[in-house]
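J.: Have a look at this one before I ask anything.
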Amino acid sequence: MSRTKRVAVTSPQTRLARSRRQSRGRWRMPRLRASEAERAAALYRIQRRRGIPALVAMFVLVLGLPVVFTLAPALDALRVCGIPLSWLMIVLLPYPVMAGLAWWQLRRAEKAEDD
1184 MSRTKRVAVT SPQTRLARSR RQSRGRWRMP RLRASEAERA AALYRIQRRR GIPALVAMFV
1244 LVLGLPVVFT LAPALDALRV CGIPLSWLMI VLLPYPVMAG LAWWQLRRAE KAEDD
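Here my numbering is used: the first residue of the sequence shown is 1184, the next is one more, and so on.
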């Protein structure tokens, strides 16, 4: 039985990325001018402040569903197509609401950048 030499097969992009990585020096954080740094810090504070309502709304949604189910156990008795309403609320409610919250927050962050 003859032994063949093993050869590593890589993508041309992988070879290109490796060659670029080796030829470049160490990556350094770009320095901002003082006016740009102040603007970036102010924008960061504005976006952080605007993100708090979306974060609170998400926590209210995720942590509020168990509270709703505890306070209204009749939701288990209600059935839609044979499935308890509480289960449908768990499956169908959180993700569209979270996607809406993300869209709302993105618009608010972009508006802060435009101002």
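Just so it is clear, CB atoms sit at the ideal spot from N, CA and C, and this is done for glycine as well.
Is it true that the stretch 1211-1230 meets the stretch 1253-1268, where meeting means three or more beta-carbon pairs spaced less than 8 Å apart?
T.: Touching, no.
J.: Near Pro1267, what residues of its chain come up, given a Cβ to Cβ distance below 6 Å and the 5 sequence neighbours on each side ignored?
T.: Excluding positions up to five away in sequence, the list reads Asp1259.
J.: Please state the DSSP three-state secondary structure of Pro1279.
T.: Looking at Pro1279 - three-state DSSP - the assignment turns out to be helix.
J.: Which partner residues does Pro1267 have in the DSSP bridge list?
T.: According to DSSP, Pro1267 bridges with Arg1262.
J.: Rounded to a whole number of angstroms, what is the C-alpha to C-alpha distance between Ile1273 and Val1263?
T.: Roughly 14 Å separates the two Cα atoms.
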